[in-house]
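Everything on this sheet refers to the single structure shown next.
Residue numbers (the working numbering), protein chains in the order written: chain A, 1 to 152; chain B, 153 to 304.
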């Protein structure tokens with residue numbers, strides 16, 4: 001009951017009315033899906049910069065990462081979603097829901113590097129993609145270390 | 153063992169070497185994540201066209217759908233992934249792996265309408281977004297009816 005009230009209140013602060021009815025398990029599932037889909041695309045880019053480079057595939061992957069990074073996933077961290085199961089138990093640390101400044105910092109760093117990756121991918125320069133891919137990876141890692149449980 | 157061989161052979165036909173090592177359960181998980189993340193974004197756009205329209209939120213959501221639609225998810229349907237569990241058991245019908253012409257048709261229809269949705273969202277015209285959102289929804293439905301088990 002408490003959780004339902006918290007989510008209902010949180011919805012007021014979210015854009016529009018899109019989440020007024022969203023259940024915590026859906027919010028968690030949606031955010032887990034976003035990260036997992038980005039992970040696929042990071043995997044593809046990694047394989048391309050380490051093996052045969054296919055500009056078209058890298059660009060598609062970088063565009064997907066960029067659009068998801070900019071989609072406003074912050075809205076999926078409504079109060080009441082600090083614990084619970086989406087596809088699996090959430091791995092978010094409690095600090096993710098309290099340290100607004102710290103979260104803002106890692107989120108902005110990730111978005112900046114993801115936007116840059118999409119730009120570099122459009123150029124088709126394999127060496128530049130490799131360097132920028134590593135920068136994106138560092139922002140993923142830095143967020144995981146700070147805000148994800150049992151870092152793996 | 154048979155499945156492993158099938159996936160290894162399939163990898164040869166996929167772009168680059170990105171999937172040479174991918175396990176069937178990962179391919180299934182990745183595609184389920186893509187659809188689930190798109191579902192979130194469809195939910196957001198629906199709420200916007202039925203309630204208060206926030207141009208920025210709709211554009212972010214439409215861009216995410218567009219980039220995922222164009223990411224090349226077809227590669228996630230490698231042989232050996234017609235059965236199995238990603239986040240959950242795959243709901244793909246056997247026809248999805250045999251009816252190439254039919255699959256190509258629904259996939260192209262979806263991509264076309266998703267691309268158009270991103271364009272219309274950039275215009276900020278709420279009525280046009282509503283009409284185009286419905287067109288995208290129809291392409292989702294048509295694919296689910298043909299190629300998803302236990303349509304729900």
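Ideal placement from N, C-alpha and C gives every residue a C-beta, glycine not left out.
For residue 185(B), at least one C-beta of chain A is nearer than 8 Å to its own C-beta. Around the beta carbon of residue 216(B), a 10 Å sphere encloses 16 or more other beta carbons of the protein chains shown; the residue is thus reported as buried.
Judged by their CB atoms, residue 42(A) and residue 137(A) are nearer to each other than the 8 Å cut-off. Around the beta carbon of residue 186(B), 16 or more other beta carbons lie within 10 angstroms, which makes this residue buried. When C-beta atoms of the segment 44-52 of chain A are compared with those of the segment 194-209 of chain B, fewer than three pairs fall below 8 Å, so the two segments do not count as touching. No Cβ-Cβ contact shorter than 8 Å links residue 287(B) with residue 258(B).
Judged by DSSP in its simplified three-state form, residue 46(A) adopts helix. Residue contact with chain A for residue 299(B): absent (no Cβ-Cβ distance below 8 Å to any residue of chain A). Residue range 252-275 is occupied by the alpha helix (DSSP H) that includes residue 260(B).
With fewer than 16 neighbouring CB atoms inside 10 Å of its own CB, residue 241(B) falls in the exposed class.
Between residue 291(B) and residue 265(B), the C-beta spacing is below 8 Å.
Taking 8 Å as the upper bound for CB-CB distance, residue 66(A) and residue 118(A) are in contact here, some 4 Å apart.
Comparing alpha-carbon positions, the option among 77(A), 69(A), 29(A) and 84(A) lying closest to residue 97(A) turns out to be 77(A). The shortest C-alpha to C-alpha distance from residue 273(B) to any of 184(B), 174(B) and 211(B) is the one to 211(B). Residue 275(B) does not reach chain A, its nearest Cβ partner there being about 18 Å away, counting only Cβ pairs nearer than 7 Å.
The beta carbon of residue 149(A) is closer than 7 Å to those of 91 and 93 in its chain, skipping five residues each way along the sequence. Our two residues, residue 206(B) and residue 182(B), have alpha carbons roughly 30 Å apart in a direct line. Annotation for residue 145(A): the continuous alpha helix (DSSP H) segment containing it runs 126-147.
One thing to note: residue 25(A) has its Cβ within 8 Å of the Cβ of residue 85(A). The beta carbons of residue 61(A) and residue 223(B) sit closer together than 8 Å. If the five residues before and after residue 68(A) are omitted, its C-beta is found closer than 8 Å to the C-beta atoms of 34, 37 and 38, all from its own chain and listed in chain order.
Residue 180(B) has its alpha-carbon roughly 8 Å from the corresponding atom of residue 239(B). Within chain A, the residues 57 and 60 have their CB atoms less than 7 Å from the CB of residue 224(B), given in chain order. Residue contact check for residue 285(B) against chain A: no CB pair falls below 8 Å.
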